[in-house]
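**Q** Just so we're aligned: the sequence shown equals residues 1167 to 1568 in my numbering. Glycine included, each C-beta is placed from N, C-alpha and C at the ideal position. As the structure is a computational prediction, the values presented were derived from the model and not from experiment.
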Amino acid sequence: MKKKLQDMDIKDKTVLVRFDYNVPIRNGIILDDTKIKSSLETLNYLIDNNCKIIILSHFGKVKTETDIILNSLKPVYNALKKLVKTKITFIENPLDLELPAIVSEMQSPEILFLENTRHLDLKGKLESSNDAQVASFWASLADIFVFDAFASAHRAHASTVGITKYLPSCLGFSVQKEIAMLDTLIKDPAHPFTVIMGGAKVEDKLALIESLLPKCDYLLLAGGLANSFLKTLKFDIGASLATNSSKTMETLKQIMLNNKEKLMLPLDAVVGNTYDETYVKYRKINEIDINEVIYDIGVKTIEKYKLAIMSSNTVFLNGTMGLYEDYRFSNGTKEIFDLLTQTDTVVVGGGDSVSAVKKLGYENDFTYLSTGGGATLEYLSKGHLVAIDNIMEDDQIEILDV
Ligand code: ADP
Ligand code: MG
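In structure tokens:
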């Protein structure tokens, strides 16, 4: 089955490619260009094969006229211009009716970069509701569709799923690499396999916890997740972030009963409090005061978690150990990252977790930083993603009549 870019006959063809260029931008400056860099392998392959290339991507959410101005891919276009070795042109309207004529005038290899596909969401949510006319218009411009936007693979939009109905479609190199890395965790991890989970909201992570528990040897918990388990165990956690749902707590209770040997919870914490910004104290986990807030794991917890980490061959980390954005509460996250530099295979997934790795200076120390955010977590918990399933399974292509 020709479902991978390297198996397709793309020489001299016109190729529509969907990347995820939803990068962090502040005041027009790109703060992290990982997603741009990870698109280059596919892009250069298309250039080397003398293709006409049309790039699609979304950027942020578009609900108002102001969002149209704020959420432009122009800064990404400017960055990309410096990274590719061929002519690249920006098209302000992703649905420009001149596009068929512009494409036929292109001299391959050449790139057209279309403005944010979600600009079409302003009137009628055309991109996000997977509008068939929009998808077939884009498809009519090209011979082949390449999906290489892993972080958007959990969304069935016109530019991710819609187009595949009308064009032979395949997966680009960065999507293939993401899937291969994540598969090493869910299909055949080298044991002992330790999962480290922290972060804020336990409800966001329950599906992931439940799917990884049968596969891992240890689950080390921190942050709002650990607080919710501690609260379920009737520990006083003061004013710390934790679930308030009795249904969630019942699920956590069952998880603890069924996984006593695997689960590890914090023994101590670094706390702040609700009325004094400057308050920072060390506390054993059973000595938290009513106004105190757990913001980081303490030294005894790090020592305990160290034993599991040092014995592991594979580690997956999602969620930070504490409020890493504040340097007073970033020690736990930093110490755990430091221990992980000794582990054979370390995969980090989740938007904040990858940001923390970069911010704390461990970018080059781990096996793989997954760029997927929500898509990564969904793939790990469910084992599939709509835009990828769609390409791997779909053999029905409608004949275009546009
Ligand atoms: P990811 O985006 O990688 O999935 P999360 O968003 O779940 O990760 O976790 C990171 C966020 O959790 C950070 O913003 C961090 O400040 C917050 N966090 C971690 N521990 C705590 C805590 N004890 N109290 C409040 N927030 C926390
Ligand atoms: Mg997050």
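Quick check: the stretch 1353-1373 against the stretch 1388-1398, are at least 3 beta-carbon pairs closer than 8 Å?
**A** Yes, the stretch 1388-1398 is in contact with the stretch 1353-1373.
**Q** Using the Cα positions of E1458 and I1403, report the straight-line distance between them to the nearest angstrom.
**A** Start at 1 with the first residue of the sequence shown, and residue 1458 comes out as number 292. Start at 1 with the first residue of the sequence shown, and residue 1403 comes out as number 237. So the two alpha carbons sit approximately 8 Å from each other.
**Q** How long is the line joining the alpha carbons of N1556 and A1474, rounded to whole angstroms?
**A** Here residue 1556 is taken as the residue at index 390 of the sequence shown, counted from 1. Here residue 1474 is taken as the residue at index 308 of the sequence shown, counted from 1. The alpha-carbon atoms of N1556 and A1474 are separated by roughly 39 Å.
**Q** Looking at C-alpha atoms only, which residue of S1204, G1226, D1233, S1496 is the closest neighbour of I1468?
**A** Position 302 of the sequence shown, counted from the first residue, corresponds to residue 1468. Of S1204, G1226, D1233, S1496, the residue nearest in Cα terms is S1496.
**Q** May I ask which residues mark the beginning and end of the beta strand (DSSP E) holding I1220?
**A** Mapped onto the sequence shown, residue 1220 falls at position 54. Per DSSP, I1220 belongs to the beta strand (DSSP E) from 1218-1222.
**Q** Closer than 8 Å is the cut-off here; do at least three beta carbon pairs connect the stretch 1304-1314 with the stretch 1526-1539?
**A** Output reads no: the stretch 1526-1539 does not touch the stretch 1304-1314.
**Q** Considering only C-alpha positions, which residue in the set S1547, K1169, L1307, L1407 is nearest to L1280?
**A** By 1-based counting over the sequence shown, the position of residue 1280 is 114. Ranking S1547, K1169, L1307, L1407 by Cα distance to L1280 puts L1307 first.
**Q** Taking the alpha-carbon positions, what's the L1379 to L1418 distance?
**A** Stepping through the sequence shown from its first residue, residue 1379 is reached at position 213. Stepping through the sequence shown from its first residue, residue 1418 is reached at position 252. In a straight line, the C-alpha of L1379 is about 12 Å away from that of L1418.
**Q** Tell me whether P1275 is buried or exposed, calling it buried when 16 or more other Cβ atoms sit within 10 Å of its Cβ.
**A** Indexing the sequence shown from 1 puts residue 1275 at position 109. Looking at its Cβ environment, which holds 16 or more other Cβ atoms inside 10 Å, P1275 is buried.
**Q** Is the stretch 1225-1236 touching the stretch 1287-1297 in the sense that three or more CB pairs, one from each, lie closer than 8 Å?
**A** The stretch 1287-1297, when compared against the stretch 1225-1236, does touch it at the 8 Å Cβ threshold.
**Q** Among R1192, K1466, P1260, which residue has its Cα nearest to the Cα of L1433?
**A** Along the sequence shown, one-based indexing puts residue 1433 at 267. That would be K1466, whose Cα lies nearest to the Cα of L1433.
**Q** Do N1570 and I1277 have their C-beta atoms closer together than 8 Å?
**A** The chain is shown from 1167 up to 1568; residue 1570 falls before or after that span and cannot be answered.
**Q** With DSSP as the reference, label A1435 as helix, strand or coil.
**A** Position 269 of the sequence shown holds residue 1435. Of the three classes helix, strand and coil, the one that applies to A1435 here is strand, per DSSP.
**Q** To the nearest angstrom, how far is it from the Cα of T1499 to the Cα of A1298?
**A** Residue 1499 sits at position 333 when you count from the first residue of the sequence shown. Residue 1298 sits at position 132 when you count from the first residue of the sequence shown. Cα to Cα, the separation comes out at about 45 Å.
**Q** Answer with buried or exposed for D1186, where buried requires no fewer than 16 other C-beta atoms within 10 angstroms of its C-beta.
**A** Along the sequence shown, read from residue 1 onward, the residue named residue 1186 stands at position 20. Its Cβ being crowded by 16 or more others within 10 Å, D1186 is buried.
**Q** In three-state DSSP terms, what is I1451?
**A** Stepping through the sequence shown from its first residue, residue 1451 is reached at position 285. Reduced to three states, the DSSP call for I1451 is helix.
**Q** Is it true that the CB of V1183 sits closer than 8 Å to the CB of I1213?
**A** Along the sequence shown, read from residue 1 onward, the residue named residue 1213 stands at position 47. Along the sequence shown, read from residue 1 onward, the residue named residue 1183 stands at position 17. No, they are not a contact pair.
**Q** Say the cut is 7 Å; is the CB of G1516 nearer than that to a heavy atom of the ligand MG?
**A** By one-based count along the sequence shown, residue 1516 stands at place 350. Under cutoff, so the answer is yes.
**Q** Grouping DSSP H, G and I as helix and E and B as strand, with all else coil, what is V1513?
**A** Within the sequence shown, numbered from 1, the residue matching residue 1513 stands at position 347. Correct three-state label for V1513: strand.
**Q** Would you be able to state if there are at least three C-beta pairs under 8 Å between the stretch 1369-1377 and the stretch 1542-1556?
**A** Yes: at least three Cβ pairs fall under 8 Å.
**Q** In this structure, what does DSSP give as the bridge partners for I1191?
**A** Position 25 of the sequence shown, counting from 1, holds the residue named residue 1191. Beta-bridge pairing links I1191 to I1196.
**Q** On the premise that Y1490 lies in contact with M1430, defined as a C-beta separation below 8 Å, what is that separation, rounded to the nearest angstrom?
**A** Sequence index remark: in the sequence shown, residue 1430 carries index 264 (1-based). Sequence index remark: in the sequence shown, residue 1490 carries index 324 (1-based). Not quite, the Cβ-Cβ distance comes to about 20 Å (not below 8 Å), so this is no contact.
**Q** Note down the Cα distance separating V1512 from V1437, rounded to an integer number of angstroms.
**A** Within the sequence shown, the letter at position 346 stands for residue 1512. Within the sequence shown, the letter at position 271 stands for residue 1437. Their Cα atoms are separated by approximately 29 Å.
**Q** Does the beta-carbon distance from I1202 to L1246 come in below 8 Å?
**A** Working through the sequence shown from its first residue, we reach residue 1202 at position 36. Working through the sequence shown from its first residue, we reach residue 1246 at position 80. Yes. Within cutoff.
**Q** For the ligand ADP, I want to know if T1486 counts as a neighbour, meaning its beta carbon is within less than 7 Å of at least one of the ligand's heavy atoms.
**A** Within the sequence shown, the letter at position 320 stands for residue 1486. Under cutoff, so the answer is yes.
**Q** Excluding sequence positions up to five away, which residues of its chain have a Cβ less than 7 Å from the Cβ of T1208?
**A** As a working note, residue 1208 is residue 42 in the sequence shown. Answer for T1208: L1171, V1183, V1312, D1314, G1338, F1339, S1340, listed in chain order.
**Q** Specify the secondary structure class of D1314 as computed by DSSP and reduced to three states.
**A** Sequence index remark: in the sequence shown, residue 1314 carries index 148 (1-based). D1314 falls in the strand class under three-state DSSP.
**Q** Can you give the Cα-Cα distance for N1282 and L1222, rounded to whole angstroms?
**A** As a working mapping, residue 1282 is identified with position 116 in the sequence shown. As a working mapping, residue 1222 is identified with position 56 in the sequence shown. The alpha-carbon atoms of N1282 and L1222 are separated by roughly 7 Å.
**Q** Would you check whether the ligand ADP has a heavy atom nearer than 7 Å to the C-beta of I1352?
**A** Along the sequence shown, one-based indexing puts residue 1352 at 186. Checking every heavy atom of the ligand ADP against the Cβ of I1352, none is found closer than 7 Å.
**Q** Starting from E1559, trace the alpha helix (DSSP H) in both directions and tell me its first and last residue.
**A** Residue mapping note: residue 1559 aligns to position 393 of the sequence shown, counting from 1. Unbroken alpha helix (DSSP H) run through E1559: 1552-1559.
**Q** Comparing C-alpha positions only, which one of T1444, T1486, L1396 sits nearest to N1452?
**A** For this step, residue 1452 is matched to residue 286 along the sequence shown. Minimum Cα distance to N1452 is reached at L1396.
**Q** Which runs of the alpha helix (DSSP H) at least 4 residues long sit entirely within the stretch 1238-1317? Give them in chain order.
**A** Complete alpha helix (DSSP H) runs here, min 4: 1240-1249, 1265-1271, 1298-1305.
**Q** I want to check one thing, is the minimum distance from the CB of I1362 to the heavy atoms of the ligand ADP below 7 Å?
**A** For this step, residue 1362 is matched to residue 196 along the sequence shown. No, the ligand ADP has no heavy atom inside 7 Å of this Cβ.
**Q** Starting from I1460, follow the beta strand (DSSP E) in both directions and report where the run begins and ends.
**A** For this step, residue 1460 is matched to residue 294 along the sequence shown. Counting along the chain, the beta strand (DSSP E) containing I1460 begins and ends at 1458-1463.
**Q** Kindly list the residues whose CB is nearer than 8 Å to the CB of I1257, restricted to its own chain and excluding five residues on each side of it in sequence; keep chain order.
**A** To locate residue 1257, count along the sequence shown from 1; it is residue 91. Within the same chain, I1257 has close Cβ partners L1265, I1268, L1278, F1279, L1280, E1281.
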